[in-house]
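To start, the structure under review is shown below, and the notes come after it.
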Amino acid sequence: MDVQVKTVAGPLEYGYAPFWYEKTRALYFVNVYQSEVHKYNPVTKEHTIARVGNKPVSFIVPIDDFNDKFLIGYGANLAAITWDEVSGRTSSPKIIENVESAPGNMVTDAKISPGGVLFVGSSGPGDLPSKNLKFNKAALYSFKDCEMKTLIPNISASSGMAWSRTEKTFYFIDSPELRVERYCYDKDANELTRGCVIYEFKDDALPGYPCGMTIDQDGHLWIGCYNGGQVIKINPQSGKSTAKIEIPQCPQITSVIFGGENLDTLYVLSAAYKLDSKMNNAGFVFEVTGLGVKGSASKSLCLIPKK
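Sequential numbering from 1 applies to the sequence shown in our numbering.
Set out below in structure tokens:
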């Protein structure tokens, strides 16, 4: 592989939750603690930023059939915003659902299943980088037909989801556990069963912890290593790491997604969160090309949930 890594946007304090939208051929992402949503167009190189309220923004997902509507994670809530993708500020967030009522908990992760179900993960009080996270206080939920359902209770910090092409298998990361789990997913019943561990960071003595995950068309997982400065490729059938991409001078890798015209570019997001030392590439968004694989288009939301 002739792998090339280059910076395309940033720096950000905590870049996270990349979403590749086929409709606009653009990358959307957030700067969590600065309450910002971002859009990057790889053709024009245009990078637009908008401020959203005063709570942490943990993800952004376009809502289909609307050119300017998005669902975001907003503190402990799901919220809808209007944004023309040009202005420096969005509409005031409209709360759709309170995901977490426990003090200090917040939404940290969300993805839409191939069948259109919104999965939402949370974290407990504190944060992992500061080593003050309260463990086993959060959960993974689904939001379907305006109803919240707990899928995996007693987690600490949700930070990675992916489905197989058949949608029968769901992969999940609870970062402090330092592992990747696999579940059987019954999309009709919207239930996860038979969870098992398929990969552990200790198997390869990897530094840091897993943060952010996507899947390629061959069924292999690509996982960011927070405080590890790299992205690893995992074969979920063998449970082995088969490749790694080092991101120089950038220890805090937060999330990954395939995008680009042919879905063969891996976008890697990072943070410069409470770093003591100077890292020249910390907090940038990276384009990784030459991997020889393709991903699948991100699934957008079909309509605005209504209470």
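Backbone N, C-alpha and C define an ideal beta-carbon position, used for all residues, glycine too.
Check for me: the beta strand (DSSP E) holding residue i runs from which residue to which?
i: Arg-51; result: 47-51
i: Tyr-16; result: 15-21
i: Asp-109; result: 106-112
i: Phe-119; result: 118-123
i: Ser-142; result: 138-144
i: Ser-270; result: 265-270
Compare the C-alpha of residue i against each of the options and name the closest.
i: Val-231; options: Pro-125, Arg-25, Ser-255, Asp-264; result: Ser-255
i: Leu-140; options: Lys-45, Thr-150, Thr-193; result: Thr-150
i: Phe-135; options: Cys-184, Ser-156, Arg-182, Phe-172; result: Ser-156
i: Tyr-185; options: Asn-281, Ser-142, Ser-35; result: Ser-142
i: Ala-272; options: Arg-179, Cys-250, Val-180; result: Cys-250
i: Glu-13; options: Lys-45, Glu-46, Thr-44, Val-57; result: Val-57
i: Asn-98; options: Lys-168, Val-107, Gly-124, Lys-202; result: Val-107
i: Ser-277; options: Thr-242, Gln-252, Glu-22; result: Gln-252
i: Gly-195; options: Ile-152, Asp-218, Asp-203, Gly-115; result: Ile-152
i: Leu-206; options: Ile-223, Gly-228, Asn-262, Met-148; result: Gly-228
i: Asn-372; options: Gly-104, Asp-174, Thr-44; result: This structure leaves residue 372 out entirely; the chain is present only between 1 and 307.
i: Ser-296; options: Lys-94, Ser-241, Arg-165, Ala-76; result: Arg-165
i: Asn-77; options: Pro-18, Lys-69, Ala-110; result: Ala-110
i: Phe-119; options: Asp-145, Asp-127, Gly-104, Ile-95; result: Asp-145
i: Lys-240; options: Glu-246, Ile-247, Ile-223; result: Ile-223
i: Cys-211; options: Leu-192, Lys-202, Pro-176; result: Pro-176
i: Asn-190; options: Lys-69, Glu-85, Val-117; result: Val-117
i: Gly-160; options: Gly-126, Ser-122, Trp-83; result: Ser-122
i: Asp-203; options: Thr-242, Leu-27, Thr-90, Thr-169; result: Thr-242
i: Lys-274; options: Ser-35, Ile-60, Ser-92, Leu-128; result: Leu-128
i: Phe-66; options: Leu-27, Gly-73, Ile-81, Asn-54; result: Ile-81
i: Val-8; options: Lys-23, Asp-2, His-38, Thr-24; result: His-38
i: Ser-92; options: Lys-69, Gly-259, Gly-104; result: Lys-69
i: Gly-292; options: Leu-266, Val-86, Ala-138; result: Leu-266
By the three-class DSSP mapping on this structure, what secondary structure does residue i have?
i: Val-32; result: helix
i: Trp-163; result: strand
i: Pro-153; result: strand
i: Ala-9; result: strand
i: Lys-244; result: strand
i: Gly-126; result: coil
i: Thr-254; result: strand
i: Leu-27; result: strand
i: Tyr-249; result: As written in the sequence, residue 249 is Gln, which differs from the Tyr given in the question. Correct three-state label for Gln-249: coil.
i: Ser-158; result: strand
i: Ser-296; result: coil
i: Glu-261; result: coil
i: Met-329; result: The requested residue 329 does not occur in the structure, where the chain is confined to residues 1 to 307.
i: Leu-133; result: coil
i: Leu-301; result: strand
i: Val-288; result: strand
i: Tyr-273; result: coil
Take residue i and list the residues in its own chain whose beta-carbon comes closer than 6 Å to its own, dropping the five residues that flank it on each side.
i: Ile-215; result: Ala-162, Leu-221
i: Val-5; result: Phe-286, Val-288
i: Gly-88; result: Ala-50
i: Asp-264; result: Lys-294
i: Glu-100; result: Ala-76, Ser-122
Which same chain residues, not among the five before or five after residue i, have their C-beta less than 8 Å away from its C-beta?
i: Lys-244; result: Gln-230, Val-231, Ile-232, Lys-233
i: Glu-181; result: Tyr-171, Phe-172, Ile-173, Asp-174, Gly-195, Cys-196, Val-197, Ile-198
i: Glu-167; result: Ser-113, Pro-114, Gly-115, Tyr-185, Lys-187
i: Ile-95; result: Tyr-74, Asn-77, Leu-78, Ala-79
i: Leu-133; result: Ser-123, Gly-124, Pro-125, Gly-126, Asp-127, Ser-156, Ala-157, Pro-176
Less than 7 Å between C-beta atoms, sequence neighbours within five positions excluded: which residues of the same chain meet that for residue i?
i: Tyr-33; result: Glu-13, Tyr-14, Pro-56
i: Glu-200; result: Leu-178, Arg-179
i: Ser-298; result: Phe-19, Trp-20, Tyr-21, Ile-257
i: Gly-283; result: Gly-10, Pro-11, Leu-12, Glu-13, Gly-15, Ser-270, Ala-271, Ala-272
Tell me the start and end of each unbroken alpha helix (DSSP H) in the segment 174-239 that is at least 4 residues and wholly inside, in chain order.
-> none
Whole runs of the beta strand (DSSP E) within the segment 38-100, excluding any shorter than 3 residues = The beta strand (DSSP E) runs of length 3 or more contained entirely in the segment 38-100 are, from start to end of the chain, 47-51, 57-62, 69-74, 77-82, 94-98.
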